Amino acid sequence: MAVYFFYGDEDFNIELEIEKMKSKLNQDFIAMNFQVLDNPDYVSLITALRTPPMMFGEMLIVVNAEDYFLSQKNSFEESELSDIEDALKNNPTLLNIVFVVKLPRDEGRKLDSRRKLYKILNQYNAQEFPVFKTYKTAEISAWINQRAKKKDLSLKNDAVELLIEQIGNNLRQFDCELDKLKLMAYPEKIVTKKMVEDIAISNQDLFNLTEFIIKNQKDRALLEFQKLIDKKHPLEILSAIQTMLRKWIIIKTKASSLSTMELSKLTGQHEFVVKQTITKLKNTSASVLVDLKQNLFEVESRIKSGEVLDIVSEVEIALIK
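Residue 328 in our numbering is what sits at position 94 of the sequence shown, and the numbering runs on without skipping anything.
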C-alpha cells in the first residue's frame, strides 16, 4: 500500500513515527500484521516485499537497513536491486513497508546518496529525522510541549527552559522525565519549574558530586550522593554521571583543537555549558576522568547483571574507591 524511508540520527523520533503507524493496525492480530526485519539478506527481503497480507487488515513491515548503507560495500547485486525496485513499485495492497536507517548520534554521518538503493528508496515517502541542534531551543521547546500534550500534560515556560538546561537535546530522556512529572503533578495536569527541580539532577549537582570524588573529598562526595538518591535510583545517577563524564572527556581532550560550537555539536550541550565546563575542568586531567568513568562502568555492569545485593552501598564504595 505504501513504502516509507526513514533515516537520521534522532532514533527516538523515528521510533515514535513507527509506533504511530503501528497503532493504526488491527491490535487483535498485531503479532501477525507487524514484523521487524534486521538487515535481511536478499532472499528474505524480496520475500517480505512480495508477501501479501493475511485477512487481518493492513500489515506493517519495518526493515532495519543500517548495514545496507553504513557498510563499506554494496549489499546487493545490480539484478537484486532491480528486483527490489520492481517489488516496491508493485507493492501489495494493504502492505506497508518502512526502511529505517538510524545513524550514529553526534557523529555527523550522512547517507551515501550515490548508492542505487538510496535512489530507489528516496522516491518513497523519504523523511530525515535529524537530532535537534542544542542552540535551537525553540524547536526543542516545541517538541517537549507537543509530547507533553500527547500525555495530557502542560508545562510552564520556565519548567520547559529548566528541562532543556539540564538535559540538552536528548528526546528520549525528555520523554522519560515527562512521564515522571505526570505522576508528580497528578491529579493536576500542569507542571511547574519547582516540580522539575524536585525530580531532576542538575548539571551542577553532578558536577559537585564528581568534583568531590576527583578531589578525594570522600565524605562530601557521599553526602552529595545521599542528596541525589532522594531524587533518583542509584542506577539512574550512575548513568547520568557516565553520560556527563563522556561529555567531559570529549571536551577535555578536544578543547584545544575544536571550537566551542563544534564541541557543542559533539556533546549535545549548549555552547554556554561547554564554556563553563572548560573552565571547571581546567585543573583536572583527562586520565582522572577516564579512570573514574571506567570504575563506575564496572559497578554499573555488576549491578545490572544481578551480582549486587545492596546497590546503594556498592555505588558508595565505587564513588570513593
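Ideal Cβ placement from N, Cα and C applies to all residues, glycine included.
This one's a predicted model, so the numbers in the text were calculated from it and none came from an experiment.
C-alpha distance - residue i paired with residue j, whole-angstrom precision
| i | j | result |
| --- | --- | --- |
| valine 508 | threonine 487 | 13 Å |
| glutamate 319 | serine 313 | 10 Å |
| threonine 371 | threonine 285 | 44 Å |
| isoleucine 408 | methionine 293 | Before going further, note that residue 408 is phenylalanine rather than isoleucine in the sequence given. Straight-line Cα distance between these residues: approximately 31 Å. |
| valine 546 | proline 468 | 6 Å |
| glutamate 445 | threonine 477 | 15 Å |
| leucine 479 | lysine 527 | 6 Å |
| phenylalanine 531 | threonine 494 | 27 Å |
| phenylalanine 441 | leucine 500 | 19 Å |
| phenylalanine 246 | threonine 511 | 27 Å |
| proline 421 | tryptophan 377 | 23 Å |
| lysine 465 | alanine 474 | 12 Å |
| leucine 387 | leucine 417 | 10 Å |
| cysteine 410 | isoleucine 374 | 15 Å |
| asparagine 391 | isoleucine 398 | 11 Å |
| serine 539 | arginine 339 | 26 Å |
Whether residue i touches residue j by CB criterion (8 Å)
| i | j | result |
| --- | --- | --- |
| valine 297 | leucine 329 | no |
| glycine 502 | asparagine 403 | yes |
| asparagine 359 | valine 237 | yes |
| glutamate 249 | proline 364 | no |
| leucine 472 | glutamate 431 | no |
| leucine 283 | isoleucine 447 | no |
| valine 277 | alanine 299 | no |
| glycine 242 | glutamate 341 | no |
| isoleucine 252 | valine 332 | yes |
| leucine 389 | isoleucine 354 | no |
| alanine 382 | leucine 412 | yes |
| aspartate 346 | phenylalanine 303 | yes |
| glutamate 462 | leucine 492 | Looking at the sequence itself, residue 462 is leucine, so the reference to glutamate does not match. Going by C-beta atoms, leucine 462 is not nearer than 8 Å to leucine 492. |
Reference residue i, options the options, closest by Cα
| i | options | result |
| --- | --- | --- |
| glutamate 458 | Glu550, Ile295 and Ala321 | Glu550 |
| leucine 405 | Ile264, Lys367 and Asn391 | Lys367 |
| valine 394 | Phe506, Thr426, Leu259 and Ser257 | Thr426 |
| leucine 279 | Pro287, Glu253 and Asp317 | Asp317 |
| leucine 259 | Gly291, Asn273, Lys383 and Arg339 | Gly291 |
| asparagine 267 | Asp439, Leu304, Ser491 and Met255 | Met255 |
| lysine 516 | Leu415, Ser535, Ala489 and Glu505 | Ala489 |
| isoleucine 401 | Ala419, Lys383 and Tyr369 | Tyr369 |
| phenylalanine 263 | Thr281, Pro287 and Pro274 | Pro287 |
| lysine 449 | Ile463, Lys555 and Leu492 | Lys555 |
Residue i (DSSP reduced to helix, strand or coil)
| i | result |
| --- | --- |
| methionine 293 | strand |
| valine 270 | strand |
| isoleucine 463 | coil |
| asparagine 330 | strand |
| leucine 387 | coil |
| alanine 299 | coil |
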